[in-house]
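Read the structure below first, then the notes.
2 protein chains.
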Amino acid sequence: MSTSGRGLHGRVLDALGPAITAGEYPPGSVLRTDELAQRFDVSRSVMREAVRVLESMHLVESRRRVGVTVRPKAEWNVYDPQVIRWRLAGADRPQQLRSLTVLRSAIEPVAAGLAAKHATAEQCAELTECALGMVANSKGHRLEGYLLHDIAFHRVILNASGNEMFARLGDVVAEVLTGRTRHEVMFEDPDPAAVTLHVRLAEAIRAGDAGHAEELTREIAEGALQELDILAP
Amino acid sequence: MSTSGRGLHGRVLDALGPAITAGEYPPGSVLRTDELAQRFDVSRSVMREAVRVLESMHLVESRRRVGVTVRPKAEWNVYDPQVIRWRLAGADRPQQLRSLTVLRSAIEPVAAGLAAKHATAEQCAELTECALGMVANSKGHRLEGYLLHDIAFHRVILNASGNEMFARLGDVVAEVLTGRTRHEVMFEDPDPAAVTLHVRLAEAIRAGDAGHAEELTREIAEGALQELDILAP
DNA sequence: ACGCCAAGAAAAAGTCAGACTTATTCATCA
DNA sequence: TGATGAATAAGTCTGACTTTTTCTTGGCGT
Numbered sequence: 001m002s003t004s005g006r007g008l009h010g011r012v013l014d015a016l017g018p019a020i021t022a023g024e025y026p027p028g029s030v031l032r033t034d035e036l037a038q039r040f041d042v043s044r045s046v047m048r049e050a051v052r053v054l055e056s057m058h059l060v061e062s063r064r065r066v067g068v069t070v071r072p073k074a075e076w077n078v079y080d081p082q083v084i085r086w087r088l089a090g091a092d093r094p095q096q097l098r099s100l101t102v103l104r105s106a107i108e109p110v111a112a113g114l115a116a117k118h119a120t121a122e123q124c125a126e127l128t129e130c131a132l133g134m135v136a137n138s139k140g141h142r143l144e145g146y147l148l149h150d151i152a153f154h155r156v157i158l159n160a161s162g163n164e165m166f167a168r169l170g171d172v173v174a175e176v177l178t179g180r181t182r183h184e185v186m187f188e189d190p191d192p193a194a195v196t197l198h199v200r201l202a203e204a205i206r207a208g209d210a211g212h213a214e215e216l217t218r219e220i221a222e223g224a225l226q227e228l229d230i231l232a233p
Numbered sequence: 234m235s236t237s238g239r240g241l242h243g244r245v246l247d248a249l250g251p252a253i254t255a256g257e258y259p260p261g262s263v264l265r266t267d268e269l270a271q272r273f274d275v276s277r278s279v280m281r282e283a284v285r286v287l288e289s290m291h292l293v294e295s296r297r298r299v300g301v302t303v304r305p306k307a308e309w310n311v312y313d314p315q316v317i318r319w320r321l322a323g324a325d326r327p328q329q330l331r332s333l334t335v336l337r338s339a340i341e342p343v344a345a346g347l348a349a350k351h352a353t354a355e356q357c358a359e360l361t362e363c364a365l366g367m368v369a370n371s372k373g374h375r376l377e378g379y380l381l382h383d384i385a386f387h388r389v390i391l392n393a394s395g396n397e398m399f400a401r402l403g404d405v406v407a408e409v410l411t412g413r414t415r416h417e418v419m420f421e422d423p424d425p426a427a428v429t430l431h432v433r434l435a436e437a438i439r440a441g442d443a444g445h446a447e448e449l450t451r452e453i454a455e456g457a458l459q460e461l462d463i464l465a466p
């Protein structure tokens, strides 16, 4: 699933990226390309390419005669899927999960409202199918199947919104949902109320009722937020 | 203002990035590193670094024995500030402006609601100051001063929301507002109703009234969306 | 003795050129 | 049809050189 398994520079990134985002090198830390190249046992060319990528993510800044300095967290490109993945895998996973869920609570209701207006017949069918899949997997510890349909459900809505910025959040939502199921405490079956809301949401979108779709999505988001408060108050 | 004026690879990016995002090389196009290096008169090392950055933005994909292929627009990292800047400067500027405004309409109301709860006294003061600045520059074609205060106003709210993902949208909002003032038809003074809404919003946040702040921001966003519909229906 | 500015030295990134490796695709032939 | 091999373009490494920025040092005036 990791994008950057390819090539030597990818492996360096897979080591350096998580280390930086985890705060292993605090902001202001200075790294030197040559030293890093030695440490990771790669040539300077490869290391330079890796540094360039980190620089494009605003994780570091490279300056002559100084070295590669780690930038403060506030300047990172936190919407970069790679950065999100690194942070979700590291120390500030809780904070990342929280801020992403708040982001979802802002985006998804609006996206659902737009989807109600723009969704094609095919998308509506897919949506209903996903909702049914969620229902079918909602009992008896079938978390894996439930998760897959949940992800697909939200992805279809984001795509159907017709807004490219919303659509690109599909992967982020997938990461959040996966993380919640796999790493957090999630031994019990999903909340029946949430399942019902998804079914009704699919119906509202099919009916073209934007206001209702928006409201239902707000309730779903509210549930996700409360879930977070329960886990880490 | 452009981030990547630094270094040779930055200049290559400033040429290649806009070209790709503008659709000059349609998705599926194949470029070769060597050829590009010749065209831009740089060494392969430099060109490789540039390609790596484009790859990390998911604008292109580099494969052995094939070359550097342009990825479909749906896969681009459209939240990357650099990509946003390139697209705003290029051909699909209208679409980009539209989707960003819709994004704002989703994010900012929620951010304002959170800001009402979390804003510090200092942030409230700054907010009021910005609102006053907008009022002071709302008459007599003082667009430049109005714009600056408008940008600062929204940035303070996003920061005060306490959500890092929201905070990072400050630059995006700045780009949108700047773009609207400078490039679109904006000869007249700003809408008096919008100015009033900003003043009331600052007051609502200072009073800690989350619901009111959210509602007022929705009205502001609604105005921005209608403005777009008027310009390009 | 103290502070200040200019000239030079040092350090690390930036750039380049060339040789070599490796994976992938395509064409050929059994 | 399926295996073999040739072609190709990215990937990697090395070493030398350039450029920019920072630190040091020394000279000067007050």
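These protein sequence lines map, in sequence, to chains A and B. Under my numbering, read the first sequence as residues 1 to 233, first letter to last. Under my numbering, read the second sequence as residues 234 to 466, first letter to last. From the three backbone atoms N, C-alpha and C, an ideal C-beta is built for every residue, glycine too. Here the structure is a predicted model, which means the values were calculated and not measured.
| Query | Result |
| --- | --- |
| At 8 Å on the CB atoms, spell out the chain B contacts of asparagine 77 of chain A, in chain order. | Tyr312, Asp313, Pro314 and Arg401 |
| Could you give the residue range of the alpha helix (DSSP H) that holds glycine 378 of chain B? | 376-393 |
| Starting from glycine 67 of chain A, trace the beta strand (DSSP E) in both directions and tell me its first and last residue. | 67-70 |
| So with Cβ pairs under 8 Å, would you call leucine 333 of chain B a contact of chain A? | yes |
| Tell me the DSSP bridge mates of valine 30 of chain A? | A:Thr69 |
| Residues of chain B with CB closer than 9 Å to the CB of methionine 47 of chain A, please, in chain order. | What methionine 47 of chain A touches in chain B: nothing, since even the nearest Cβ is about 11 Å away. |
| Please name the residue in B:Tyr258, B:Ser289 and B:Leu249 whose C-alpha comes closest to that of histidine 9 of chain A. | B:Ser289 |
| What is the C-beta distance between tyrosine 146 of chain A and proline 190 of chain A, in whole angstroms, given that I count them as a contact (C-beta under 8 Å)? | 6 Å |
| Would a C-beta distance cut-off of 8 Å place arginine 71 of chain A and valine 83 of chain A closer than the cut-off? | no |
| Does DSSP put glutamate 294 of chain B in a helix, a strand or coil? | strand |
| Using a Cβ-Cβ cutoff of less than 7 Å, which residues in the same chain neighbour alanine 443 of chain B once the five nearest sequence positions on both sides are dropped? | Gly346, Ala349 and Lys350 |
| Enumerate in chain order the residues of its own chain whose CB-to-CB distance from alanine 393 of chain B is below 7 Å, with the five nearest sequence positions on each side excluded. | Ala348, His351, Ala352 and Gln356 |
| Measuring straight from C-alpha to C-alpha, what distance separates leucine 376 of chain B and leucine 410 of chain B? | 11 Å |
| To the nearest angstrom, how far is it from the Cα of glutamate 359 of chain B to the Cα of valine 368 of chain B? | 14 Å |
| Taking contact to mean at least 3 C-beta pairs separated by less than 8 Å, is the segment 220-227 of chain A in contact with the segment 96-112 of chain A? | yes |
| Alanine 435 of chain B: buried (16+ other C-beta within 10 angstroms of its C-beta) or exposed? | buried |
| Please confirm if arginine 326 of chain B has its CB atom under 8 Å from at least one CB of chain A. | no |
| Distance, Cα to Cα, serine 43 of chain A vs methionine 280 of chain B? | 17 Å |
| Between the C-alpha atoms of methionine 95 of chain A and valine 173 of chain A, what's the straight-line distance to the nearest angstrom? | Checking the sequence, you will find glutamine at residue 95 of chain A rather than methionine. Cα to Cα, glutamine 95 of chain A sits roughly 15 Å from valine 173 of chain A. |
| My assumption, with CB atoms under 8 Å, is that tryptophan 319 of chain B sits in contact with glycine 373 of chain B. Please give the rounded CB distance. | That pair is no contact at about 35 Å. |
| Beta carbon of alanine 283 of chain B, beta carbon of valine 311 of chain B: below 8 Å? | no |
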